[in-house]
Amino acid sequence: MQNLTEEILKATKEALDDISSCSDIQSLRKISSVYKGKESKLYKILTEISKLQGDEKKFIGSCINESKEKIDNVLLQKEQELKISEYEKEESEYLDITLNKEDKKLGSTHPVTQMIQKIVDVFSLYGFSHVTDREIETDWFCFQALNMDVDHPAREMQDTFYIEENHILPRTHTSSVQIRTMIKAKPPIRIISAGRVYRNENQDARHSFMFYQYEGLIIDNNISIADLKSILTQALRKIFENDKIDLRLRHSYFPYTEPSFEIDATCMLCQGKGCKVCDFKGWLELLGAGMVHPQVLRNVKIDPKKYQGFAFGGGPERLIMIKNEINDTRLFYENDLRFLSQLKKL
Ligand SMILES: [Zn+2]
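So that you can map any letter, position 158 of the sequence shown is 657 in the working numbering, and since no number is skipped, the others follow by simple counting.
What follows is the structure in structure tokens.
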């Protein structure tokens, strides 16, 4: 009996050693069939049990069963380990030859965001700080402080979505940021602001219920229209990367500036000669501007006799549209990558 138990232990150890040194599923299956088959040492020992008697027979039988159970468990565990490692190996080596590497394009910020960043960067060269503020405003900050009283007809041009309670509304222009800045800061003030604005407008190629604006403001001593024209000319030349651009000021009307102007730039597509984009005028309308109205300064407790300033504002989309010859502003918000990826000139 001593011999048989030793043989069982030896056979078991051999089996376990073979299993643990196995490195792939195929080899493991061969080992499994050897140790479970009729040629295995354990099977041979089992055939000798019949020669034994009583307790001895029982004891050796239970030793063999215990050994087989142990081998089965280790086989199962090894099989799972090998399957996992083979799967991981396949994963790491997997190569899908149908994948087109060129289709993987890196995303980028939206062209309007890029243009706003460019505007902010260029104006920062002239000492303008970038300021942002809330999009939901009160009637006072959006209209009344800007010299548009409750029944002012100019409000018609900036109809929006009123929320009845407390006179709250989505801002119709970024000029409310100027008011908030002038209340908080003392002159000299030099800021550039940009963001979303909202208007109740019919959707067409030139109008959308939401669009972007950028807006600049200077309040200081001895500020004149010459400063307005000079700074805007230099800044727009940098934004359009074109030193030949000139500006012309056409008289206009805004309640918050006096005098007010529409500012046109030399058409950069035809260099002022006249083309389809500029309607053969040689000039392109770019933005609105003017000297800050004295009443607006009084509304924010700045003495108009001591300080003057100018403000200007426009749409970043307009600048991109001119540079890329686009005629429909809605294209910017449809998020069609075929359109967005074509806009190289920002
Ligand atoms: Zn032109």
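Heads up, the beta-carbon is just placed ideally off N, CA and C, and yes, glycines get one too. Quick caveat: nothing in here was measured; it's all calculated off a predicted structure.
Item                                                                                                         : Value
A764 beta carbon less than 8 Å from that of F622                                                             : no
The segment 526–533 contacting the segment 583–597, beta-carbon criterion three pairs below 8 Å              : no
Per-residue burial, Q525 [other beta carbons within 10 Å of its own, 16 or more giving buried]               : exposed
Three-state secondary structure assigned by DSSP to T828                                                     : helix
Coil, strand or helix - D778 by DSSP                                                                         : coil
Whole-angstrom distance between L594 and E824, CA atom to CA atom                                            : 43 Å
Proximity winner among T680, Q552, A788, V795, relative to S723 (alpha-carbon distances)                     : A788
Minimum C-alpha distance to L786 - residue among G808, P815, G536, V795                                      : P815
Identity of the residue in M709, D650, H651 nearest T673 by Cα                                               : M709
CA-to-CA distance, Y713 to R670, given in whole angstroms                                                    : 13 Å
L768 Cβ short of 7 Å to ligand 1 heavy atom set                                                              : yes
C-beta atoms of N699 and D648 nearer than 8 Å                                                                : no
Burial state of V791, where buried means 16 or more other Cβ atoms lie within 10 Å                           : buried
Residue interval of the beta strand (DSSP E) (run including M709)                                            : 709–719
Reduced DSSP secondary structure (H/G/I, E/B, other) of D763                                                 : strand
Where the beta strand (DSSP E) containing V696 begins and where it ends                                      : 688–697
Local conformation of T631 per DSSP, three classes                                                           : coil
Heavy atom of ligand 1 within 7 Å of V791 beta-carbon                                                        : no
Cβ pair count under 8 Å reaching 3, the segment 631–646 against the segment 603–620                          : no
Where P754 falls: helix, strand or coil (DSSP)                                                               : coil
H609 in three-state terms, based on DSSP                                                                     : coil
For I667, the three-state DSSP class (helix, strand or coil)                                                 : strand
I596 classed as buried or exposed, judged by whether at least 16 other C-beta atoms fall within 10 angstroms : exposed
heavy atom of ligand 1 below 7 Å from C774 C-beta                                                            : yes
Cβ separation of T511 and I570, assumed to be a contact under 8 Å, to the nearest whole Å                    : 7 Å
From V799, D719, E655, residue whose alpha carbon lies closest to that of R679                               : V799
Nearest-angstrom Cβ-Cβ length linking A684 and I615, presumed shorter than 8 Å                               : Not quite, the Cβ-Cβ distance comes to about 22 Å (not below 8 Å), so this is no contact.
Same chain, Cβ closer than 7 Å to P803, neighbours up to 5 away in sequence not counted                      : P793, L796, R797
Buried/exposed call for V533, threshold 16 Cβ in 10 Å                                                        : exposed
Closest by C-alpha distance to V776, when choosing among N741, R749, N826                                    : N826
I618 beta carbon less than 8 Å from that of I738                                                             : yes
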